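Contents: one structure, followed by commentary.
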Amino acid sequence: MNEISRIDKASAEIVIVASAFGADAIRRDGHAVWAAAAARAGADGVEVRRELFASEADARRESLALLGERLRALDLWSVYSTPATLFHDDGSLDREALGLAIDEAAALNARIVKLQLGGTESGVATDPATLDRLMTGLAASKARVVVENGQLKAGGTIGAFEALFAALPEKSGLAMTFDTGNWHWAEQDPLDAAKRLAPYVAYVHCKAVMGEGARRFAAAPANGDARFATLLAHLPGDVPRGIEYPFIPGADVSLDGDAARQVARIAAF
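Residue numbers (full-length UniProt numbering): 1 to 269.
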């Protein structure tokens, strides 16, 4: 059992996104080493980031299967995240990217597999033929397939997600990762996004945003952050929450200590 009892936590499970420990640390040591730190912090799951693999060898089936075994030994479940987009830059469906993400997530035995939405600034293709191909691809996945709002207008606008989910059948198998901070980069209102997209959300990436323009960066929500609390209140309360901001050790707390503190804080919001 982890150091922090999971029985006492809120209904939302807490996932630590691997990058919270630092991209360089993950590439140097591997996901399994830092998954142990996530377990010590009381997390329920870990988000494995494909872009943080040291080499393509880490994405081989046998490597992913071994990582999955190590996570399960730590009593953790996994999200498999790829930077690939579900739709090409011209708005057409990328069936190859979807198939690869599903296959790699299956090797890891991930519960959720996450891609970026992609497409154009106007959105993605929603014609019947495209949706049929998408549904066929989704049916091959045991993991829940989700698409995340990114930091660019292409793949990061409220309207693009709204149009896609409105065109899909209610039980399509596709859901959304709602990143609380990325909307700022795409110049979208996060609260408006939450009000309009909440029915489609199956996973939440939690972070606040500091700075302006190109100098924006992800940070922990402040204690008593009313705007962040209001945003979460408009989203489903029983879906996993991923911590996607850096843990910061200091004079009063170690890296492990800050990780544990942030898990407790995000669970309590």
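Beta carbons: idealized from backbone N, C-alpha and C, even for Gly. Since this is a predicted model, take the numbers as computed values, not measurements.
{"Query": "Of the residues F178, A202, I26, D24, the one placed nearest D192, counting alpha carbons only", "Result": "F178"}
{"Query": "For D103, the residue or residues it bridges with in DSSP", "Result": "In the DSSP output, where bridge partners are listed per residue, D103 has none listed."}
{"Query": "Residue nearest to L74 in terms of C-alpha spacing, selected from R61, L93, V46, A97", "Result": "V46"}
{"Query": "Pick from A57, E96, S92, D258 that is closest to S122, judged by C-alpha positions", "Result": "S92"}
{"Query": "Extent of the continuous beta strand (DSSP E) run through residue 271", "Result": "This structure does not reach residue 271, given that the chain is present from 1 up to 269, and the question cannot be answered."}
{"Query": "S81 vs R50 beta-carbon contact at 9 Å", "Result": "yes"}
{"Query": "Beta-carbon proximity of A219 to Y203, cut-off 9 Å", "Result": "no"}
{"Query": "C-alpha gap between P169 and L134, whole angstroms", "Result": "11 Å"}
{"Query": "CA nearest to the CA of Y200, picked from N182, R144, I248", "Result": "R144"}
{"Query": "Burial state of A38, where buried means 16 or more other Cβ atoms lie within 10 Å", "Result": "buried"}
{"Query": "Contact between the segment 87 to 105 and the segment 28 to 44 (3+ Cβ pairs under 8 Å)", "Result": "no"}
{"Query": "Boundaries (first-last residue) of the beta strand (DSSP E) holding K14", "Result": "Note on residue identity: the sequence assigns Ile, not Lys, to residue 14. That run of the beta strand (DSSP E) goes 14 to 17."}
{"Query": "DSSP-derived helix/strand/coil call for residue 293", "Result": "The structure shown has nothing for residue 293, since the chain only spans 1 to 269."}
{"Query": "Straight-line gap, L174 to R111 (C-alpha atoms, nearest Å)", "Result": "13 Å"}
{"Query": "9 Å Cβ cutoff met for L138 and L115", "Result": "no"}
{"Query": "Burial state of I158, where buried means 16 or more other Cβ atoms lie within 10 Å", "Result": "buried"}
{"Query": "G119 classed as buried or exposed, judged by whether at least 16 other C-beta atoms fall within 10 angstroms", "Result": "buried"}
{"Query": "Backbone CA spacing between F269 and E62 [nearest angstrom]", "Result": "38 Å"}
{"Query": "Rounded Cβ spacing between A59 and E96 (contact assumed at less than 8 Å)", "Result": "The pair is not a contact, with the Cβ atoms about 15 Å apart (cut-off 8 Å)."}
{"Query": "With 16 other Cβ atoms within 10 Å as the buried cut-off, status of I16", "Result": "buried"}
{"Query": "Sheet register partners of I248 (DSSP bridge)", "Result": "According to DSSP, I248 bridges with nothing at all."}
{"Query": "Euclidean distance between Cα positions of V48 and I26", "Result": "10 Å"}
{"Query": "Separation of A167 from T130, as counted between CA atoms", "Result": "11 Å"}
{"Query": "Beta-carbon proximity of E148 to M176, cut-off 9 Å", "Result": "yes"}
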